[in-house]
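Residue numbers (numbering that gives the first Met the number 0), protein chains in the order written: chain A, 0 to 464; chain B, 0 to 312. All residues carry an ideal CB built from backbone N, CA and C; glycine is no exception.
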Amino acid sequence: MFGHGDTPREPYLHYCNWFDGEDTKRLKRKARDAEHAFRRTGITFNVYGREEANERLIPFDIVPHILSAREWQSLSEGIEQRVRALNAFLHDIYHRQEIVRAGRVPRHMISENEAYLSKMIGVEPPGSIYTHIVGTDIVRTGENEFYVLEDNARTPSGVSYMLENRETMFEMFPELFIKNKVRPVSTYPKRLRRSLEACAPPACNGRPVIAVLTPGIHNSAYFEHSFLADEMGAELVEGHDLRVVDGRVAMRTTQGYTPVDVLYRRVDDDFLDPLNFRPDSMLGVPGILDVYRAGGITIANAPGTGIADDKAIYSYMPDIVEFYTGEKAKLPNVPTWRCSEPDSLAYVLDNLADLVVKEVHGSGGYGMLVGPAASKREIADFRKKLQAKPDGYIAQPTLSLSTVPIFTAKGLAPRHVDLRPFVLVSPKGVDITPGGLTRVALKKGSLVVNSSQGGGTKDTWVLES
Amino acid sequence: MMLGKTAGGLFWMCRYLERSANNARLIEAGSRMMMTRTTEENAEWGSVLETANVRQIYDERHDAVDRQSVIDFLLRDRSNPSSVMSVVEAARSNARMVRVALTREVWEAVNDTWMKLKDALARPVRETELPNVLELIRQQSAQVRGALHGTMLRNDIFNFCRIGTFLERSDNVARILDVKYYVLLPSVSMVGTSIDNYQWEAILRSAAAERSFAWLNKDSGPRTIAEFLILDRRLPRSIAFCYLNIARNLGYLEAEYDEARPCMEICAETLNRLTSTDIETIFQGGLHEFIQSIIQANNSLGLQIEKDYRFYA
Chain A
0 MFGHGDTPRE PYLHYCNWFD GEDTKRLKRK ARDAEHAFRR TGITFNVYGR EEANERLIPF
60 DIVPHILSAR EWQSLSEGIE QRVRALNAFL HDIYHRQEIV RAGRVPRHMI SENEAYLSKM
120 IGVEPPGSIY THIVGTDIVR TGENEFYVLE DNARTPSGVS YMLENRETMF EMFPELFIKN
180 KVRPVSTYPK RLRRSLEACA PPACNGRPVI AVLTPGIHNS AYFEHSFLAD EMGAELVEGH
240 DLRVVDGRVA MRTTQGYTPV DVLYRRVDDD FLDPLNFRPD SMLGVPGILD VYRAGGITIA
300 NAPGTGIADD KAIYSYMPDI VEFYTGEKAK LPNVPTWRCS EPDSLAYVLD NLADLVVKEV
360 HGSGGYGMLV GPAASKREIA DFRKKLQAKP DGYIAQPTLS LSTVPIFTAK GLAPRHVDLR
420 PFVLVSPKGV DITPGGLTRV ALKKGSLVVN SSQGGGTKDT WVLES
Chain B
0 MMLGKTAGGL FWMCRYLERS ANNARLIEAG SRMMMTRTTE ENAEWGSVLE TANVRQIYDE
60 RHDAVDRQSV IDFLLRDRSN PSSVMSVVEA ARSNARMVRV ALTREVWEAV NDTWMKLKDA
120 LARPVRETEL PNVLELIRQQ SAQVRGALHG TMLRNDIFNF CRIGTFLERS DNVARILDVK
180 YYVLLPSVSM VGTSIDNYQW EAILRSAAAE RSFAWLNKDS GPRTIAEFLI LDRRLPRSIA
240 FCYLNIARNL GYLEAEYDEA RPCMEICAET LNRLTSTDIE TIFQGGLHEF IQSIIQANNS
300 LGLQIEKDYR FYA
């Protein structure tokens, strides 16, 4: 938050003036109120692997993460470019594979990738859109230095927190929104609905029927699934509510089966269709992929999209952006070593203590090594895992991330954050809601922001001017 | 348009919520019996278990019927699927499942109920705390009901909620009468003796009907009590009142969906039995048999609704 010396950076000026005039006791009480409000509304997430008390709150920090209009402008331009490239890349690798022919991405990176679905080869998704919803993770290292950490292109979550965090701030500190002109985020559900409607399949008649497919109430993101369905005015369905009827995917209603046009699925590819993918899946719809291939339904995001946010593919993103847009990437990648390459592996093994090593297919902060924070023992254990299966990992330097303030018992304190803006893609264009989910590592010095690993969230403000 | 699963979730959410308040009332009536009379206390708690329809699972887990164990079993025991804690948890799970069909107020009321009761029932409830806890259960149930009535659209969503509520309530009242019918039978009733008066009072109290009964200024006797609880259309917990409301809500559904369903026939048949008879005829035909047939009718009506409106795949 602070630039050189003790002056707060410009977007934070109004906020800091206000904060200095506030009574710490009042703020502490407000922070407690916020937690109560979250519990009452039921905004909880489930932590995998914990039997007891498996519904927990993500801690909420009352200090907003503030971006100026100018910062947002350049960020969103970079994100839009990247998302367009991702979509073009997906279309290409499921069709002519020009990028492979051009030698920019090795063939085996595609064909041997677990997330590459051969059943999607030659399939034309409605509107040619693969990545309807993307959550691009951004970190910052300096005044105008942003990096893309991850492109979450399969089923990015967290947008409900973006919305509820803002509501909570409205409720707690209405006075702040008079002094600071903050761009609204509450239009997201409507924009999502519009964007999904614009991707209706050829079989759709009239206004598209939209449904959100959830694995069920025990899923960690269930709250978000129901929240989005609710806000969009869509049905919230589970696999057993759906079946294929007369070449359409239809949901069981009190009046019989009704076709669904657009399915916003929050179920992974593997579980989507027991006839075409994992036969033991109870979460999917038998035959849905066949309906999809025949143009009977839109699946958002498209099956097989996961390959685009694979961490090994990530390392090729600068090439991918250039190949499809003809421009240099506006947002840089974090330098990435592919452990599948012998030279890189050797470097990574030599420098484990300074690097962050991630599983190529992992997500959610599980199974990663944060070198600088790890014990010798942990590093040694990880080394064995890495040597046993090097192509399962990539490594990145620990960036010297800039910090934003959080509210602690002792006043403001700096912590590391990342930012996930939410991007909607339809034939009508790319739509980025100004704001996003800011995740914060609440532990001093920590770089891990995942909610499953002790991270929290804050409201994200994009200022009007 | 509504998902069959959602209809089922709403129906069960409301059944469970109704059951939690009914449980509290049974405990209240039981405690009251204990305070007003001295003999055969444990027999009374036995009949409370029977009314709650959990006698069998209680006996599998306990050697004896005593006040404390019964109250704990009815309030907190998660191995009892009908305990207040179990049903409140089930109601909330259903509410989460049908979250998109509920207003924010209703969801928050259900969630708040679950949070408060989880707290209040975290440990065995002490004697001195029991009245407060029972009151809390009643209040929470009123809060949810208030939110439902005050904020929900009057459409199929609301209809399924009402149907669940009244079917559960009808079942609850029928079970109270089923367990206690012998007190109301002429052959055993010794009119005017204190034992029967206590029993009668307990029956009325279990159905939250003791005050309204007093207002009507009728002679307190087995027939008038049975008549009141089974046939009086003014009493919101009488079986006739429940069926009038089930029939009305099923009717709304038929109108909204523009399609007749078999469950309506089953409902109309029972409603007809309740509205075209009087208490003399019921006693002549046998009170117990009548109540038993109502319990059966409740059961088959529930199953038919579930089928007609496709609650399950």
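Positions of the alpha helix (DSSP H) runs, each at least 4 residues long and wholly inside the region 188-258 of chain B, are given as 193-205, 209-215, 221-230, 238-256 in order along the chain. The beta carbon of A:Thr-257 sits closer than 8 Å to the beta carbons of Val-208, Ala-249, Met-250 from its chain, once the five residues preceding and following it are set aside; these are given in chain order. Listed in chain order, the positions of the region 233-249 of chain A with a beta carbon within less than 9 Å of a beta carbon of chain B are Ala-233, Glu-234, Leu-235, Val-236, Glu-237, His-239, Asp-240, Arg-242. Each of A:Pro-7, A:Thr-167, A:Lys-118, A:His-13 was checked against the Cα of A:Lys-457, and the nearest Cα belongs to A:Thr-167. For A:Met-250, the enclosing beta strand (DSSP E) stretches over residues 247-252. At a cut-off of 8 Å between C-beta atoms, A:Arg-55 does not count as an interface residue with respect to chain B.
Closest by C-alpha distance to A:His-107, out of A:Ile-92, A:Leu-418, A:Glu-463, A:Met-119, is A:Ile-92. At least 8 Å separates the CB of B:Ala-20 from every CB of chain A. Annotated three-state conformation of A:Leu-274 is coil, per DSSP. Secondary structure of A:Ser-450 (DSSP, three-state): helix. Put simply, of A:Arg-247, A:Arg-265, A:Gly-205, A:Asp-390 the residue whose alpha carbon is nearest the alpha carbon of A:Leu-227 is A:Arg-265. Between A:Thr-213 and A:Leu-235, the C-beta gap is smaller than 8 Å, which places the two residues in contact.
The beta-carbon of A:Asp-229 is placed less than 8 Å from the nearest beta-carbon of chain B. Within a 10 Å sphere around the beta-carbon of B:Ile-278 sit 16 or more other beta-carbons, which makes this residue buried. Of A:Trp-71, A:Gly-428, A:Thr-140, the smallest CA-CA separation from A:Trp-460 is found for A:Trp-71.
Those residues of the region 27-42 of chain A placed with their C-beta closer than 7 Å to a C-beta in chain B are Arg-38, Arg-39, Thr-40, Gly-41, ordered along the chain. Residue environment for A:Gln-395: buried (at least 16 other C-beta atoms within 10 angstroms of its C-beta). Selection A:Pro-63, A:Gly-20, A:Leu-368, A:Pro-7 evaluated against A:Ala-30 yields A:Pro-63 as nearest (Cα-Cα). Contact annotation, A:Leu-330 with A:Val-147: C-beta distance approximately 5 Å; criterion of less than 8 Å satisfied. In this structure, the CA atom of A:Asp-22 is about 40 Å from the CA atom of A:Ile-216.
Counted as a single uninterrupted DSSP element, the alpha helix (DSSP H) harbouring A:Ala-36 occupies residues 23-40. With a threshold of 8 Å between beta carbons, B:Val-172 makes no contact with chain A. Here A:Ile-405 is not near A:Lys-310, since their CB atoms are 8 Å or more apart.
Rounded to the nearest whole angstrom, the C-alpha separation of A:Glu-113 and A:Ala-152 is 15 Å. By the Cβ-count criterion, B:Asn-248 is buried, with 16 or more other Cβ atoms from all chains shown falling within 10 Å of its own Cβ. Residue pairing for B:Gln-138: DSSP places it in no beta bridge. Comparing alpha carbon positions, the residue from A:Thr-186, A:Pro-173, A:Thr-135 closest to A:Glu-76 is A:Thr-135. In the displayed model, A:Leu-400 falls within coil according to three-state DSSP, outside both helix and strand.
Secondary structure at A:Pro-63: strand, using DSSP grouped into helix, strand and coil.
In this structure, the alpha-carbon of B:Leu-230 lies about 17 Å from that of B:Glu-167. Nearest neighbour of A:Ala-233 by Cα position, chosen from A:Ser-225, A:Val-403, A:Gly-366, turns out to be A:Ser-225. Taking 8 Å as the upper bound for CB-CB distance, B:Gly-3 and B:Asn-93 are not in contact here, some 14 Å apart. Under DSSP, A:Tyr-392 takes part in a beta bridge, and its partners are A:Glu-358. Against chain B, the beta carbon of A:Ser-225 has neighbours under 8 Å at Arg-95, Arg-98, Val-99, listed in chain order. For A:Val-243, same chain residues with a beta-carbon under 8 Å away, outside a window of 5 residues either side, are Ala-249, Val-284, Pro-285, Gly-286, Ile-287, Asp-289, Val-290 in chain order. Taking a beta-carbon distance threshold of 8 Å, A:Ile-216 counts as an interface residue toward chain B.
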